[in-house]
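Residue numbers (the working numbering), protein chains in the order written: chain A, 1167 to 1420; chain B, 1167 to 1420; chain C, 1167 to 1420; chain D, 1167 to 1420.
Protein chains: 4
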Amino acid sequence: MLTIANQTFHSRLFLGTGKFSSRQVMADAVKASGTELVTMALKRVDVHASDDDILAPLLECGVNLLPNTSGARTAEEAIFAAQLAREALGTSFLKLEIHPDPRYLMPDPIETLKAAEELVKQGFHVLPYIHADPVICKRLEDVGCAAVMPLASPIGSNLGLRTKDFIQIIIEGSNVPVVVDAGIGSPSDAAEAMEMGADAVLVNTAIAVAGNPVVMADAFRMAVTAGRMAYESGLGGRQLKAEASSPLTAFLES
Amino acid sequence: MLTIANQTFHSRLFLGTGKFSSRQVMADAVKASGTELVTMALKRVDVHASDDDILAPLLECGVNLLPNTSGARTAEEAIFAAQLAREALGTSFLKLEIHPDPRYLMPDPIETLKAAEELVKQGFHVLPYIHADPVICKRLEDVGCAAVMPLASPIGSNLGLRTKDFIQIIIEGSNVPVVVDAGIGSPSDAAEAMEMGADAVLVNTAIAVAGNPVVMADAFRMAVTAGRMAYESGLGGRQLKAEASSPLTAFLES
Amino acid sequence: MLTIANQTFHSRLFLGTGKFSSRQVMADAVKASGTELVTMALKRVDVHASDDDILAPLLECGVNLLPNTSGARTAEEAIFAAQLAREALGTSFLKLEIHPDPRYLMPDPIETLKAAEELVKQGFHVLPYIHADPVICKRLEDVGCAAVMPLASPIGSNLGLRTKDFIQIIIEGSNVPVVVDAGIGSPSDAAEAMEMGADAVLVNTAIAVAGNPVVMADAFRMAVTAGRMAYESGLGGRQLKAEASSPLTAFLES
Amino acid sequence: MLTIANQTFHSRLFLGTGKFSSRQVMADAVKASGTELVTMALKRVDVHASDDDILAPLLECGVNLLPNTSGARTAEEAIFAAQLAREALGTSFLKLEIHPDPRYLMPDPIETLKAAEELVKQGFHVLPYIHADPVICKRLEDVGCAAVMPLASPIGSNLGLRTKDFIQIIIEGSNVPVVVDAGIGSPSDAAEAMEMGADAVLVNTAIAVAGNPVVMADAFRMAVTAGRMAYESGLGGRQLKAEASSPLTAFLES
């Protein structure tokens, strides 16, 4: 079981809530995925309406909320958004996202570390979205982040584990959970991250824009479980030389 | 549901039976995998003993048998082995394997086509193990093979889908089921093959040599299902440019 | 120096002549590439005209001709084309190409082996274009081919060394020169093939469709030389763990 | 021609000086490479000896020196080392390297930005070694760095362009030269970086540990030139569908 801050999770699949064609599809996908943690941008939630159309179905599903600071370009903006989110949603969990560049939405390591340090002091459970950079991941851990969320490839690209070599180094060295975020494009990508020893993955676009998002969410659920089981049961090594699964003794000669 | 020759399959995971540490582990892995088709070298079966220690547990599991001609180096040897197998095991299903080179166990396209043509005439349901070569796959289909089994990477290498570009072309062009065989090293590899539209995968080494083969078999079961569901529900495209899952409108300014 | 059949070559870059925007550009690219062997489809040569507009500039460059059987779909067609080519061009060198499928132009191993066997008997120096299949390469060597030409990726795709793992096996096992053909999309692809130990590469599309084919031909010339030199001088191994190029002793403390 | 700060370079290959088996081999490799800029750790130079055995041969070659701060773990240490280097070697060029982790020698983005800002103020021409992180590269440019040096893969790993997708984004967005550093393992890797539009590459281990470092240096020289020429002359696109280089019209029927 996965523990982040004071919370335990049976499911190692986290979901994003953007890009779904309707609230109903989103809620059905959330259910099918088995997720216990969903992230959403503060802006998307009408924090004053008791019948907010995105929050209500999520709360019905019984999932935990992970508000994010998507859209923030500086530490200051992110901290302000985080405070609003905690007040509105009553949770100290926070996905910290700071991306000054609108084109590839890459995280800013300087602003992210600065905001993380402050938010931890303010009692947040901070999960920063960050480049797959082993050094900054370590520094985020050192200032008290509850987990790190290195990116697999650019947000929404569906390109999969392009940062594989560095994710491996991050996993090796991390004392907090490693949640692979952004760019996971298919169940096989998610399984691969889990096989490497990631603690969880966060998926959004690949499910939301699938032909059938609900079936895709179910597929991701199974793939994440499969990947974790494979990691735990011990994958064999890779090698170029073939080894026969079947015996090679020339049976016809016997 | 998958149909090969006159047989339908709910499971799209086929298993090999080599390299397991014991018969019991093998039988338990077969059950956990949910497979309905297992392959074994003729040599490994004592066809005269009613209590053969590999056959008995498999038959108890209720799986179909796919005898293979592993060890054959020529069409002639393979045809002889096939006939023995049919007589001994009472099945016309045959995995045709002809690999003259003991080092990498690569299939011989010339001998394989020759043997396939003859075996089809003799009433076998032939599933040939073959290089991921679109032209030879088409020719094997043309002489009446029930499926084609292109290799992902060298047998036992666990290297995964190194022939991906060619498997894609084979799937596009094939009128018989495409079963990806050899080199599948992890559940994510299996899921990836299924996401590309393969009809099934055959796995052996990655399960047999896993730390816990039974859990690994279960993981492959889920990964194959997940990959198939993803294929059917429609994966999104891949692109370098990022697209925000969460809206980018600068919410703090509103 | 590379020897194929009775001929030695200083340059390990072979060129195709298709797709160039003009004869002049082709001739200039041939010169800039330093190649000593160019291939052309028989059809493109007017064998009766003494002033054929493709042959003349090539012969002026002093390069050897390697007529190919592009367009042939069977062994029979290829053999007929080969005979015409020898008669018209006065060379026994032949690039044997048989591809029944017009979409991906993949070589047919069965027809290619059959034609190769016959053409060798007729005294041709046969260089077959073939899938990167180690077994069929070995069989082509066994029937007397002067070299083998495994494909890197589909013709004209510019996708580079997608068959790398298998090319490596082919190089390990071959007693005749291995010329990597088809799909080489950039000088780095060509260098990579040479670094692996390929004896030569054949390039066409990547040069012919470049913005500046003459400069690109020169770039390929250097890349092939560089790759060969790297192979001969011994590349270091690859490993994930870092090793400092500069010493790590904390120099500031001394 | 490449310009960094106030200096122009004909060669786009920079060299490191670590790991060579002898001073003579290093000097010969430097000459063979055609480089005009070599980097060395301050520690390795005896700044008080007029006949220092590493400096003398380099100065004889007429190359520019790029002292680096290898071994520094903080901005403070790096700044101190930079000042020593400038005083000792009489150059304001500086390769800024700060890597707190001895295992993979990954650069620290926080300390690097802090040091860069200060060193630029002190009049240095700063070339920071940094993760292939587009945001931090942009910030380093913004504080006045003369170039950015994103890593291809871990130092000394010879793994090549594992950060390719991100290097591409960095090149697209950068207004200062992009010098790909660390992990370049072969001439083909160097050519590939140049084909993508990198302004230069820095190579050390792959040359220093080669079987024949001098020949390898020459090979890198050609590969870098080839890659740059390919970039400038315009590479063709990549696509899966084949396109015949030779015409497909069935010439035998005419």
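Don't be surprised by glycine CBs; every beta carbon is placed ideally from N, CA and C.
Distance between residue j and residue i (C-alpha atoms, nearest Å)
i	j	result
residue 1253 of chain C	residue 1345 of chain C	25 Å
residue 1281 of chain C	residue 1296 of chain B	22 Å
residue 1208 of chain A	residue 1268 of chain A	18 Å
residue 1234 of chain B	residue 1259 of chain B	9 Å
residue 1391 of chain C	residue 1385 of chain C	10 Å
residue 1310 of chain A	residue 1169 of chain D	43 Å
residue 1187 of chain A	residue 1380 of chain A	12 Å
residue 1156 of chain D	residue 1232 of chain B	Any property of residue 1156 of chain D remains undetermined from this structure, which presents chain D solely from 1167 to 1420.
residue 1313 of chain B	residue 1323 of chain C	28 Å
residue 1372 of chain D	residue 1402 of chain C	6 Å
residue 1387 of chain B	residue 1248 of chain B	29 Å
residue 1303 of chain C	residue 1243 of chain D	58 Å
residue 1181 of chain D	residue 1238 of chain D	20 Å
residue 1205 of chain C	residue 1291 of chain C	14 Å
residue 1171 of chain D	residue 1265 of chain A	29 Å
residue 1179 of chain D	residue 1394 of chain C	19 Å
residue 1137 of chain C	residue 1378 of chain C	Examination of residue 1137 of chain C is not possible in this model, given that chain C is present from 1167 through 1420 alone.
residue 1189 of chain B	residue 1376 of chain B	15 Å
residue 1202 of chain D	residue 1306 of chain A	39 Å
residue 1327 of chain C	residue 1333 of chain C	9 Å
residue 1283 of chain D	residue 1274 of chain D	14 Å
Sub-8 Å separation of residue i and residue j beta-carbons
i	j	result
residue 1300 of chain C	residue 1272 of chain B	yes
residue 1374 of chain D	residue 1184 of chain D	yes
residue 1245 of chain C	residue 1279 of chain B	no
residue 1389 of chain D	residue 1318 of chain C	no
residue 1361 of chain D	residue 1397 of chain D	yes
residue 1270 of chain A	residue 1335 of chain D	yes
residue 1349 of chain B	residue 1320 of chain B	yes
residue 1298 of chain A	residue 1329 of chain A	yes
Residue interval of the alpha helix (DSSP H) (run including residue i)
i	result
residue 1371 of chain D	1371 to 1374
residue 1304 of chain C	1300 to 1308
residue 1276 of chain A	1275 to 1287
residue 1261 of chain B	That residue, residue 1261 of chain B, is in no alpha helix (DSSP H); its beta strand (DSSP E) goes 1259 to 1262.
residue 1250 of chain A	1241 to 1255
residue 1222 of chain B	1221 to 1227
Local Cβ density within 10 Å of residue i, reported as buried at 16 or more and exposed below that
i	result
residue 1289 of chain D	exposed
residue 1358 of chain C	buried
residue 1287 of chain A	exposed
residue 1174 of chain A	exposed
residue 1167 of chain C	exposed
residue 1176 of chain B	exposed
residue 1351 of chain D	buried
residue 1149 of chain D	Past the edges of chain D, shown from 1167 to 1420, lies residue 1149 of chain D, and the structure says nothing about it.
residue 1308 of chain B	exposed
residue 1285 of chain B	buried
residue 1416 of chain B	Residue placement at residue 1416 of chain B cannot be trusted, given a pLDDT of 33 that sits under 50; the coordinates are not used to answer.
residue 1228 of chain B	exposed
residue 1370 of chain A	buried
residue 1400 of chain C	exposed
residue 1216 of chain B	Any reading at residue 1216 of chain B needs caution, since the residue's pLDDT is 49, under 50, leaving its predicted position unreliable; the model's value is listed next. Residue 1216 of chain B should be labelled exposed.
Residue i, enclosing beta strand (DSSP E) - first and last residue
i	result
residue 1206 of chain B	1203 to 1207
residue 1292 of chain C	1291 to 1296
residue 1233 of chain D	1230 to 1234
residue 1179 of chain C	1179 to 1182
residue 1391 of chain B	Note, residue 1391 of chain B: premise wrong, no beta strand (DSSP E); alpha helix (DSSP H) at 1379 to 1399.
residue 1271 of chain D	Looking at the DSSP string, residue 1271 of chain D is not in any beta strand (DSSP E), and its letter there is neither H nor E.
residue 1186 of chain B	That residue, residue 1186 of chain B, is in no beta strand (DSSP E); it is neither H nor E in DSSP.
Worksheet item: In chain order, which continuous runs of the beta strand (DSSP E) of length 3 or greater are located wholly inside the segment 1301 to 1354 of chain A?
Response: 1345 to 1347
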